[in-house]
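Have a look at the structure below before the remarks.
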Amino acid sequence: MGSNRRRIDVTSIKTWANAQPVEFMDCRDIGHNWISYTARRISTGFERVLYCASCGAAKRQDLSKTGLIERTTITYPKGYARPTG
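Count along the sequence shown from 1, add 1, and you get the number used in my numbering.
Structure, rendered in structure tokens:
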């Protein structure tokens, strides 16, 4: 049977990684350093926004009235995401 997996171009990944700021690679390796930014009440509970002190990514979370995380959206800085292809 054939595989739907794409072949990984290791050279292009290495080239891309070497061009990234150290802060981006630190976040990818050990995780983001999330800092609380804002919090507010919304109709379904609460919204909080955190930002990464290292790379500048922003994380928005919607929490229920009991504190359960219902949804998380992360916006990464320009250049953080690896181009597809």
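All residues carry an ideal CB built from backbone N, CA and C; glycine is no exception. Bear in mind that the values here come from a model prediction, so they are computed numbers and not experimental data.
Can you name the residues that DSSP bridges to residue i?
i, result
"G46", "I43, S65"
"S37", "L51"
"R72", "D63"
Nearest by alpha-carbon distance to residue i: which of the options is it?
i, options, result
"G68", "P78, N19, I43", "I43"
"R83", "V11, M26, W17", "W17"
"G32", "R8, T76, S55, T45", "S55"
Using a Cβ cut-off of 9 Å (strictly closer), state whether residue i contacts chain B.
i, result
"L51", "Absent from the structure is chain B; it holds one protein chain and no more."
Answer with buried or exposed for residue i, where buried requires no fewer than 16 other C-beta atoms within 10 angstroms of its C-beta.
i, result
"A58", "buried"
Consult DSSP for residue i and reduce its assignment to one of helix, strand or coil.
i, result
"C56", "coil"
"A18", "helix"
"R29", "helix"
Counting only the same chain and skipping the five closest in sequence on each side, list residues whose C-beta sits under 6 Å from that of residue i.
i, result
"N19", "none"
Which same chain residues end up closer than 8 Å to residue i when comparing Cβ atoms and leaving out the 5 residues on each side of it in sequence?
i, result
"Y52", "W35, I36, Y38, A58, A59, K60"
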